[in-house]
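Take a look at the structure set out below.
Residue numbers (this note's numbering): 4 to 123.
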């Protein structure tokens, strides 16, 4: 960037950390953008609380390592769910609708519960 936005310095821009949709956009079909940002903020806070000023870059690398796999899984899942939800192929749409109608409610809730119990 050749020019700094008003009120910032080039040094500050090099120390910016993006969270949530700014760092890794999720399709709205997942409904997890805000939750992902909150989880990322908690992990970032945890890593920064363990580091002193001399080791911030290491803390940021650990933050990225902790979040990358989960965020990638959510991104891939959101794309898959979008394709399933928006298919225009009549046979695939009928299969999708039948599958969701036949799916036990507990199966859907199990995924939510596992997500809530997963450490961040």
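The beta-carbon is built from N, C-alpha and C at its ideal position, and this holds for glycine as well.
In this text the structure is predicted, and so the values were computed from the model without any measurement.
Leaving aside the five residues before and after residue i along the sequence, list all residues of the same chain whose C-beta is less than 6 Å from its C-beta, in chain order.
| i | result |
| --- | --- |
| residue 39 | 23 |
| residue 43 | 22 and 70 |
| residue 80 | none |
| residue 58 | none |
| residue 87 | 99 |
When the distance is taken between beta carbons, is residue j closer than 8 Å to residue i?
| i | j | result |
| --- | --- | --- |
| residue 99 | residue 89 | no |
| residue 78 | residue 26 | no |
On the criterion of 16 or more Cβ atoms from any shown chain inside 10 Å, does residue i qualify as buried, or is it exposed?
| i | result |
| --- | --- |
| residue 46 | buried |
| residue 137 | The chain is shown only over 4 to 123; residue 137 falls outside these bounds and no answer can be derived. |
| residue 117 | exposed |
| residue 93 | exposed |
| residue 37 | exposed |
| residue 35 | buried |
Whose C-beta lies closer than 7 Å to the C-beta of residue i among residues of the same chain, with five residues either side of it excluded?
| i | result |
| --- | --- |
| residue 30 | 81, 82 and 85 |
Assuming residue i and residue j are in contact, meaning their beta carbons sit under 8 Å apart, how far apart are those beta carbons, in whole angstroms?
| i | j | result |
| --- | --- | --- |
| residue 62 | residue 54 | 4 Å |
For residue i, which residues in the same chain have their Cβ closer than 8 Å to its Cβ, ignoring the five residues on either side in sequence?
| i | result |
| --- | --- |
| residue 50 | 62, 63, 65, 66 and 69 |
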